[in-house]
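K.L.:
Residue numbers (the numbering used here): 179 to 365.
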């Protein structure tokens, strides 16, 4: 629990460019811990877990996506919709494991990266490196940073700079866009 409170909230700039030198010097233990979480995520995968480990782009026609995804997952992943806050059972998920993309099974987050943000959506303070691409979203007039799965292009949510230290990031994810794979192998 102490680790989660200490690691809450990396910013997008921090993930892309790293912390400024002064901040790195002030938080070496926290940054080392985050680097270890990002590097050792595979330790939380169950034996023979059904996940994608390579990231070549996955292209499918919309008709195929509609057959593969639930209507709610299709709305979020392919139409950039948003699920109702508090509606995902993954909000309460606390077991060790990996959160993968519901569209292509690419690992995105680990349970050690998750924290309770109080927003009603699963939230994470960092990601597995290379899992997402980002773009600006102006749908609510003010710019937001939205993120998409790097493999299938599925929309997952938005990243905000109001998360816990030292990252200060909140990767606010739609639960229907995720699939949880418990360390025990039960999804």
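Where is the CB? At the ideal position from N, CA and C, for every residue including glycine.
Looking only at its own chain, which residues have a Cβ that is under 8 Å from the Cβ of residue 246, when we skip the five neighbours before and after it?
P.N.:
238 and 281
K.L.:
Whose C-alpha, out of 314, 240, 285 and 264, is nearest the C-alpha of residue 295?
P.N.:
264
K.L.:
Enumerate, from N- to C-terminal direction, the unbroken beta strand (DSSP E) stretches of 3 or more residues contained entirely within the segment 238-295.
P.N.:
275-279 and 285-288
K.L.:
Quick one: is residue 356 buried, meaning 16 or more other Cβ sit within 10 Å of its Cβ, or exposed?
P.N.:
buried
K.L.:
Once you ignore the five residues that flank residue 311 on each side, which residues in its own chain have a CB closer than 6 Å to its CB?
P.N.:
326 and 328.
K.L.:
Taking Cβ to Cβ, would you say residue 333 is nearer than 7 Å to residue 350?
P.N.:
Contact: no.
K.L.:
On the DSSP bridge list, what partners appear for residue 360?
P.N.:
Paired residue(s): 275.
K.L.:
Would residue 321 pass as an interface residue toward chain B - the criterion being a Cβ-Cβ separation below 7 Å?
P.N.:
The displayed structure is made up of one protein chain only, and chain B is not part of it.
K.L.:
Beta-carbon separation of residue 358 and residue 268 under 7 Å?
P.N.:
yes
K.L.:
What three-state label does DSSP hand residue 314 in the structure shown?
P.N.:
strand
K.L.:
Note down, in chain order, each residue of its chain lying with its Cβ closer than 7 Å to the Cβ of residue 204, except the 5 sequence neighbours on either side.
P.N.:
Bear in mind that the predicted position of residue 204 carries a pLDDT of just 45, short of 50, making it too unreliable to give a figure here.
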